[in-house]
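Some notes on the structure that comes next.
Residue numbers (my numbering): 1003 to 1240.
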């Protein structure tokens, strides 16, 4: 493991990378191999893949935990949290297995935690001058983030980023209920309630060219509705 900046041997913490994935056999070998340079262990959550993702990830050196069927992103994140706790992680970094996130940027997310500046670090796609993102996706994320930030005590630029780093205090004890992509916002709110310090760092992102489709629209609407639901719950329980 290549030690990130300021990571002294006296305060050495166990870092695990969690990679939720679904049918990513073409990219997962490279992602696992590159992530292993910066962490002590890589855990892949195979969310019911049918293309041999689990076998490829295991051959690349990852500990693989498989869902028997596709349960969705939220359930995969819960499995990441559970597996990190079971394997005594002090810090958990989560990144996608489809090549969207650059494993070589893992040290950038670890640095604020290792320096004692944050308990949750979010890799933001909107802290760069020109985010490499399809326009429809950028618009959707901006709308969701606006809905979240409206009246929120903790404002972030990219609520939907899946490239994150967590201290044990966050991932080990946080009860989560959302089953799909809206879990990203649920985590931010529950971390805020725990008094966690949240910080964003800029990241790059790669996308496979694709047009807007009904699935993308349905996903965006579902997340937006979840944001509204979570905001209402906050008001009721404040």
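C-beta atoms are modelled at their ideal positions from N, C-alpha and C, and glycine is treated no differently. Keep in mind it's a predicted model, so treat the numbers as computed, not measured.
- Beta-bridge analysis with DSSP links residue 1049 to 1069.
- By the criterion of at least three beta-carbon pairs nearer than 8 angstroms, the stretch 1018 to 1038 is in contact with the stretch 1093 to 1109.
- Rounded to the nearest whole angstrom, the CA to CA distance from residue 1046 to residue 1107 is 18 angstroms.
- The beta-bridge partner set that DSSP reports for residue 1166 consists of 1096, 1124.
- For residue 1058, the enclosing alpha helix (DSSP H) stretches over residues 1055 to 1061.
- Burial of residue 1080 is indicated by the presence of at least 16 other C-beta atoms within 10 angstroms of its C-beta.
- DSSP, reduced to helix, strand and coil, places residue 1085 within a helical segment of the structure shown.
- A check of alpha carbon separations from residue 1091 across 1162, 1014, 1182, 1187 identifies 1014 as the nearest.
- Ranking 1086, 1065, 1195 by CA distance to the CA of residue 1154 puts 1195 first.
- For the pair of segments examined, the stretch 1108 to 1124 was found to touch the stretch 1158 to 1170: the number of CB pairs separated by less than 8 angstroms reaches three.
- The alpha-carbon of residue 1016 is positioned some 36 angstroms away from that of residue 1145.
- Shown here for residue 1143: same chain residues with a beta carbon closer than 6 angstroms to its own, the five before and five after excluded, namely 1162 in chain order.
- In the assembly as shown, residue 1022 is a buried residue. Its beta-carbon has 16 or more other beta-carbons within 10 Å.
- In this chain, residue 1192 is not harboured by any beta strand (DSSP E); it is covered by the alpha helix (DSSP H) spanning 1185 to 1195.
- In terms of Cα proximity to residue 1180, the closest of 1057, 1075, 1020 is 1075.
- Inclusion of residue 1086 and residue 1189 in the CB contact set at 7 angstroms is not warranted, their separation being larger than that value.
- Residue 1094 places its beta carbon 7 angstroms or farther from that of residue 1197.
- Here the alpha carbon of residue 1064 sits roughly 7 angstroms from the alpha carbon of residue 1043.
- In chain order, 1158, 1159, 1160, 1163, 1202, 1203, 1204, 1205 place their CB closer than 8 angstroms to the CB of residue 1126, counting only its own chain and leaving out the 5 sequence neighbours on each side.
- Residues 1176 of the same chain have their beta carbon placed closer than 6 angstroms to that of residue 1192, with the five preceding and five following residues left out of the count.
- With distances taken between CA atoms, residue 1151 lies nearest to 1187 out of 1182, 1051, 1187, 1070.
- For residue 1022, the beta-bridge partners assigned by DSSP are 1047.
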